[in-house]
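In what follows, a structure is listed as structure tokens, so that the remarks can point back to it.
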Amino acid sequence: MSTAAREFHLRRHPDGEPVPDDFELVARELPEPADGELLVRNRWLSVDPYMRGRMSGIRTYVEPYALGAPMEGGAVGEVLASRADGFAPGDTVLHQRGWRDHALVPAREAQRLDTTVIPAQAFLGALGMPGLTAYAGLVETAPVRDGDVVLVSAAAGAVGSMAVQLARLLGASRVIGIAGGPEKCAYVTDELGADDALDYKQGDIAKRLRAIAPDGIDVYFDNVGGETLDAALGSLRLYGRVAICGMISQYNATTPPPGPRNLVRLIQTRAQIRGLLVLDHYGLMGRFVEQAGGWLTRGAIRYRETIVDGLESAPQAFIDLLLGANTGKMLVRL
9 MSTAAREFHL
19 RRHPDGEPVP
29 DDFELVAREL
39 PEPADGELLV
49 RNRWLSVDPY
59 MRGRMSGIRT
69 YVEPYALGAP
79 MEGGAVGEVL
89 ASRADGFAPG
99 DTVLHQRGWR
109 DHALVPAREA
119 QRLDTTVIPA
129 QAFLGALGMP
139 GLTAYAGLVE
149 TAPVRDGDVV
159 LVSAAAGAVG
169 SMAVQLARLL
179 GASRVIGIAG
189 GPEKCAYVTD
199 ELGADDALDY
209 KQGDIAKRLR
219 AIAPDGIDVY
229 FDNVGGETLD
239 AALGSLRLYG
249 RVAICGMISQ
259 YNATTPPPGP
269 RNLVRLIQTR
279 AQIRGLLVLD
289 HYGLMGRFVE
299 QAGGWLTRGA
309 IRYRETIVDG
319 LESAPQAFID
329 LLLGANTGKM
339 LVRL
């Protein structure tokens, strides 16, 4: 017996900022699962900034989305039928067959979740890839040491909001967040516990950063790039560390943006700047979930979600994510 399903395909490679017509919602019939497969009804879909690179048609660290083929991404769903040991109908699973309402998922690619304490969608955000990204950046890429001053850009987003809180829990003496607009800045200080928040929309980040952190910063967790990265480099202390997680300010650029203008600071401060790719750090997942799960259940970690409803809303949710319309994790609920 087949199952009626819908899935998004990439119709064309976006030129600059994506638009809804770049995506196509396609109906199909899924066969019964084969040996080793699960039929999953997706309940939550994740949209994430890295997906913009996969839409470019150019291979980076992962294969690009193929035109006219199902797109992929993180998803949590309910098993409807199983032909695999260890999985049964009713199980909640995490997998990468997102951008669709139903999926045939190889059991080796699915992770069964315990949702008795933590909501299922948290495994796409605070306890999922975004949370692990923040954790890996602050324990391995640009490790936080006791007493450090830590700066985090895009501090109200899925990764940044976790980085702000984890920095404190890992020993930072002071945490400064950068976000867009007074509401997000208030969230960064009042709910996430940052000592200060800078509104990048007010301009001259470098000058204002020097004013609130005259002695400089030890760690910068970068989700933005561009002028914000320049400002952070200008405030680095001796032996500072920078984790380059993302550069959302230039994902939709149609011409190459200018590079950092003050890399001489790396010589002056003997600082380190390293790229951060979460795929290199999944060995930390068990440790991260144990630690962060404990902090979350005790209320030491808070998180927000921006939720839109309906599979049809997924492209606009992704577009809005790139424009900074979310606070916390952007999710699509089915």
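In this note's numbering, the protein residues as written are 9 to 342.
From the three backbone atoms N, C-alpha and C, an ideal C-beta is built for every residue, glycine too.
#1: So, helix, strand or coil for residue 338, using DSSP?
#2: What number of angstroms, rounded off, separates the C-alpha of residue 243 from the C-alpha of residue 233?
#3: Kindly indicate which residue of 78, 104, 66 and 23 has the alpha-carbon position closest to the one of residue 13.
#4: Between the beta-carbon of residue 7 and the beta-carbon of residue 253, is there less than 8 Å?
#5: With a threshold of 7 Å on Cβ separation, who are the neighbours of residue 59 within its own chain once the five nearest residues in sequence on each side are excluded?
#6: Could you spell out the range, first to last residue, of the beta strand (DSSP E) harbouring residue 249?
#7: Rounded to the nearest angstrom, how far is the Cβ of residue 46 from that of residue 150, given a contact under 8 Å?
#8: Just reading off the alpha helix (DSSP H) that residue 152 is part of, what are its end residues?
#9: Under DSSP, the beta strand (DSSP E) around residue 114 begins and ends at which residues?
#10: Which value, in whole angstroms, describes the spacing of the CA atoms of residue 128 and residue 121?
#11: DSSP on residue 103, reduced to helix/strand/coil?
#12: Which one of 239, 235 and 30 has the shortest CA to CA distance from residue 256?
#13: Rounded to the nearest angstrom, what separates residue 306 and residue 156 at their Cα positions?
#14: Using only the alpha-carbon positions, how far apart do residue 238 and residue 33 sit?
#15: Given a cut-off of 8 Å on the beta-carbon distance, is the pair residue 152 and residue 227 in contact?
#16: Are the beta-carbon atoms of residue 72 and residue 66 separated by less than 8 Å?
#17: Nearest-angstrom Cα distance between residue 89 and residue 203?
#18: Beta carbon of residue 41, beta carbon of residue 30: below 8 Å?
#19: Measuring alpha carbon to alpha carbon, tell me which residue in 111, 19 and 11 is nearest residue 48.
#20: Are the region 308 to 323 and the region 335 to 342 touching, with three or more C-beta to C-beta distances below 8 Å?
#21: Cβ of residue 84 within 8 Å of Cβ of residue 132?
#22: Do the region 173 to 190 and the region 157 to 164 meet, that is, are 3 or more Cβ pairs less than 8 Å apart?
#23: Compute the beta-carbon to beta-carbon distance between residue 118 and residue 103, rounded to the nearest angstrom, for a pair I have assumed lies under 8 Å.
#24: From 63, 15, 216 and 123, pick the residue whose C-alpha is nearest to that of residue 27; which is it?
#25: Identify the continuous alpha helix (DSSP H) that holds residue 276 and give its terminal residues.
#26: Apart from the five residues on each side of it in sequence, which residues of its chain come closer than 8 Å, Cβ to Cβ, to residue 223?
#27: For the beta strand (DSSP E) that contains residue 228, what are its first and last residues?
#28: For the alpha helix (DSSP H) containing residue 5, list its first residue and its last residue.
Checking against the coordinates, here is how it stands:
#1: Walking along the sequence shown from the start, residue 338 turns up at place 330. Residue 338 falls in the strand class under three-state DSSP.
#2: Residue numbering aside, residue 243 sits at position 235 when the sequence shown is read from its first letter. Residue numbering aside, residue 233 sits at position 225 when the sequence shown is read from its first letter. Looking at the two C-alpha atoms, the distance is approximately 15 Å.
#3: As a working note, residue 13 is residue 5 in the sequence shown. For the residues 78, 104, 66 and 23, the minimum Cα distance to residue 13 belongs to 78.
#4: A query on residue 7 cannot be resolved here, the shown segment of the chain reaching from 9 to 342 and no further.
#5: The count along the sequence shown starts at 1 and reaches residue 59 at position 51. Excluding sequence neighbours, residue 59 sits near 81 and 326.
#6: Along the sequence shown, one-based indexing puts residue 249 at 241. Here the beta strand (DSSP E) through residue 249 covers 244 to 252.
#7: What you label residue 46 is simply residue 38 of the sequence shown in a count that begins at 1. What you label residue 150 is simply residue 142 of the sequence shown in a count that begins at 1. The pair is not a contact, with the Cβ atoms about 38 Å apart (cut-off 8 Å).
#8: In the sequence shown, counting from the first residue as 1, residue 152 sits at position 144. Careful: residue 152 lies outside any alpha helix (DSSP H) and carries neither H nor E.
#9: The count along the sequence shown starts at 1 and reaches residue 114 at position 106. Note, residue 114: beta strand (DSSP E), 110 to 114.
#10: Here residue 128 corresponds to residue number 120 of the sequence shown, with the count starting at 1. Here residue 121 corresponds to residue number 113 of the sequence shown, with the count starting at 1. If I take the Cα positions, the gap works out to 7 Å.
#11: Working through the sequence shown from its first residue, we reach residue 103 at position 95. DSSP places residue 103 in strand when its eight states are reduced to three.
#12: Taking the first residue of the sequence shown as position 1, residue 256 is located at position 248. When each option's Cα is compared against that of residue 256, the closest is 235.
#13: Here residue 306 refers to the residue found at position 298 of the sequence shown. Here residue 156 refers to the residue found at position 148 of the sequence shown. Computed Cα separation, rounded: 24 Å.
#14: Indexing the sequence shown from 1 puts residue 238 at position 230. Indexing the sequence shown from 1 puts residue 33 at position 25. Rounded to whole angstroms, residue 238 to residue 33 spans 40 Å at the Cα level.
#15: The residue labelled residue 152 in the question sits at position 144 within the sequence shown. The residue labelled residue 227 in the question sits at position 219 within the sequence shown. Cβ atoms of residue 152 and residue 227: closer than 8 Å.
#16: Taking the sequence shown and counting its residues from 1, the one referred to as residue 72 is at position 64. Taking the sequence shown and counting its residues from 1, the one referred to as residue 66 is at position 58. In contact: residue 72 and residue 66 (Cβ atoms closer than 8 Å).
#17: Sequence index remark: in the sequence shown, residue 89 carries index 81 (1-based). Sequence index remark: in the sequence shown, residue 203 carries index 195 (1-based). The straight-line gap from Cα to Cα measures roughly 49 Å.
#18: Taking the sequence shown and counting its residues from 1, the one referred to as residue 41 is at position 33. Taking the sequence shown and counting its residues from 1, the one referred to as residue 30 is at position 22. Taking 8 Å as the Cβ cut-off, residue 41 and residue 30 do not qualify as a contacting pair.
#19: What you label residue 48 is simply residue 40 of the sequence shown in a count that begins at 1. Cα-wise, what sits closest to residue 48 is 111.
#20: yes
#21: Residue numbering aside, residue 84 sits at position 76 when the sequence shown is read from its first letter. Residue numbering aside, residue 132 sits at position 124 when the sequence shown is read from its first letter. With contacts defined by Cβ atoms closer than 8 Å, residue 84 and residue 132 form a contacting pair.
#22: yes
#23: Within the sequence shown, numbered from 1, the residue matching residue 118 stands at position 110. Within the sequence shown, numbered from 1, the residue matching residue 103 stands at position 95. Indeed, because the Cβ distance is near 5 Å, the residues count as touching under 8 Å.
#24: The residue given as residue 27 occupies position 19 in the sequence shown. Nearest Cα to residue 27 within the set 63, 15, 216 and 123: 63.
#25: What you label residue 276 is simply residue 268 of the sequence shown in a count that begins at 1. Run containing residue 276: 272 to 277, per the alpha helix (DSSP H) assignment.
#26: Walking along the sequence shown from the start, residue 223 turns up at place 215. 157 and 245, listed in sequence order.
#27: Numbered from its first residue, the sequence shown carries residue 228 at position 220. Looking at the DSSP string, the run of the beta strand (DSSP E) that includes residue 228 is 225 to 230.
#28: Residue 5 lies beyond the range of the chain shown here (9 to 342); nothing can be said about it.
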